[in-house]
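See below for the structure under consideration.
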Amino acid sequence: MATGRRGRPQVSSRAQVEVAAFELFLERGYAETSIMDIVAAAGISKTTFFRYFSSKAALVWFPFEESTRDLQRSFGTVDDEVPVMEAIRVGVIDTVAARLDDEGVWTAQIRILDASPELQAEGAQRWLVWSEVVSTFVASRIGMRPAAVVPAAVGGSVQSVVLAVLREGVRSPASPSEVLTTLDKSLASLGCSLQKWIDEQPYK
11 MATGRRGRPQ
21 VSSRAQVEVA
31 AFELFLERGY
41 AETSIMDIVA
51 AAGISKTTFF
61 RYFSSKAALV
71 WFPFEESTRD
81 LQRSFGTVDD
91 EVPVMEAIRV
101 GVIDTVAARL
111 DDEGVWTAQI
121 RILDASPELQ
131 AEGAQRWLVW
141 SEVVSTFVAS
151 RIGMRPAAVV
161 PAAVGGSVQS
171 VVLAVLREGV
181 RSPASPSEVL
191 TTLDKSLASL
201 GCSLQKWIDE
211 QPYK
């Protein structure tokens, strides 16, 4: 059975357990790290682990799911007078900024997801859900179905830009502030093109 790391204080918050787990995933690999390894490294009980997370995969995906929910909530508070792409840019920047950190946890998350075949199929599905949040917002503003061409294309385009910027931020590497600056500029450029397309739709 794995033993705790020497000198590591016991932790109890969800975020601290995530940090301990990500360190292990980067050192050993996701598949090679067990829940008991995480429990020992974090200095918590197995019961505490399952109070926070239903599985090892759930631990990895929890920040992403939380960010997706935050984005959905942010769209629900947007004034109808705000242009669609501006609302998307602000909502995405705010939710991504809330997850970035100077300790590199966000970097670890992306590296783990990209390096773990066990997580990649699920990752594609979760990003699809994320893009559908954007598509649903666009659809609600222009009177179309989320699966219609314009909403679906906007959702997919925004998702592609976000993921590309985050991955580039890992490869560079870039600081959280640099990543946000690049993302903001990229979404602004994308928005200029897509807003024109949105405005051409016969929904008014």
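So in the working numbering, spot 46 of the sequence shown is number 56, and the numbers just go up one at a time.
Positions of the beta carbon are idealized from the N, C-alpha and C atoms, including for glycine.
(message) Please give the ranges of any beta strand (DSSP E) in the segment 121 to 195, keeping only runs that are unbroken, at least 3 residues long and fully inside the region.
(response) none
(message) Here's the rule: buried if 16 or more other CB atoms are within 10 angstroms of the residue's CB, otherwise exposed. What is E142?
(response) Along the sequence shown, read from residue 1 onward, the residue named residue 142 stands at position 132. Per the 10 Å Cβ criterion, buried.
(message) Can you tell me whether D80 is helix, strand or coil according to DSSP?
(response) Residue numbering aside, residue 80 sits at position 70 when the sequence shown is read from its first letter. DSSP places D80 in helix when its eight states are reduced to three.
(message) Give me the residue from K195, M154 and F63 with the minimum Cα distance to Q211.
(response) For the purposes of this step, residue 211 is taken as residue 201 along the sequence shown, with counting starting at 1. Of the candidates K195, M154 and F63, the one whose C-alpha sits nearest the C-alpha of Q211 is M154.
(message) Please state the DSSP three-state secondary structure of P212.
(response) In the sequence shown, the residue the question calls residue 212 occupies position 202. Coil.
(request) Determine the direct distance from the alpha carbon of L190 to that of I54, and round the result to whole angstroms. (result) Here the question's residue 54 lines up with position 44 in the sequence shown. Here the question's residue 190 lines up with position 180 in the sequence shown. Spanning the two alpha carbons is a distance of roughly 34 Å.
(request) Would you be able to state if there are at least three C-beta pairs under 8 Å between the segment 180 to 194 and the segment 125 to 133? (result) no
(request) Taking I45 as part of the alpha helix (DSSP H), name the residues at either end of that continuous run. (result) Counting from one through the sequence shown, the residue named residue 45 turns up at place 35. Note, I45: alpha helix (DSSP H), I45 to A52.
(request) Count the other CB atoms, across all protein chains shown, that sit within 10 Å of the CB of F60; report buried if there are 16 or more and exposed otherwise. (result) Sequence index remark: in the sequence shown, residue 60 carries index 50 (1-based). Classification of F60: exposed, given that the 10 Å Cβ count is below 16.
(request) Could you check what DSSP says for W207 in three-state terms: helix, strand or coil? (result) The residue you call residue 207 lines up with position 197 of the sequence shown. In the structure shown, W207 sits in a helix (DSSP, three-state: H, G or I).
(request) Flag this pair as yes or no: are the beta carbons of A149 and P156 separated by less than 7 Å? (result) As a first step, residue 149 must be located in the sequence shown, where it is residue number 139. As a first step, residue 156 must be located in the sequence shown, where it is residue number 146. Contact flag set, yes.
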